[in-house]
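Structure, as structure tokens:
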Ligand SMILES: [Ca+2]
Ligand SMILES: [Ca+2]
């Protein structure tokens, strides 16, 4: 299986390779969409240093959902 054919490997590579910052892309697939909203809902609540805490305030909440909505679409 090639690395490009495996979405989990692609996500891992995207985390390792330096790409333009796209903090609202929680699952690091370079698209800000419903999958990122669902990841935020999954991590809802106090969360120190987790990816879903987009504004880095120690909580995953509605502000992070708004951050996703504000960055909706493909990452730069
Ligand atoms: Ca994403
Ligand atoms: Ca937050």
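In my numbering, the protein residues as written are 3 to 78. Beta carbons are placed, not taken as given, at the ideal position from N, Cα and C, and that holds for glycine.
DSSP places residue 72 inside the alpha helix (DSSP H), whose first and last residues are 64-72. Per DSSP, residue 53 is not a residue of any alpha helix (DSSP H), being assigned neither H nor E.
For residue 33, the CB stays at least 8 Å from every heavy atom of ligand 2. At least 9 Å separates the beta-carbon of residue 29 from that of residue 46. Residue 76 carries a strand assignment under DSSP once its states are collapsed to helix, strand and coil. Residue environment analysis places residue 50 among the exposed positions, since fewer than 16 neighbouring C-beta atoms fall within 10 angstroms of its C-beta.
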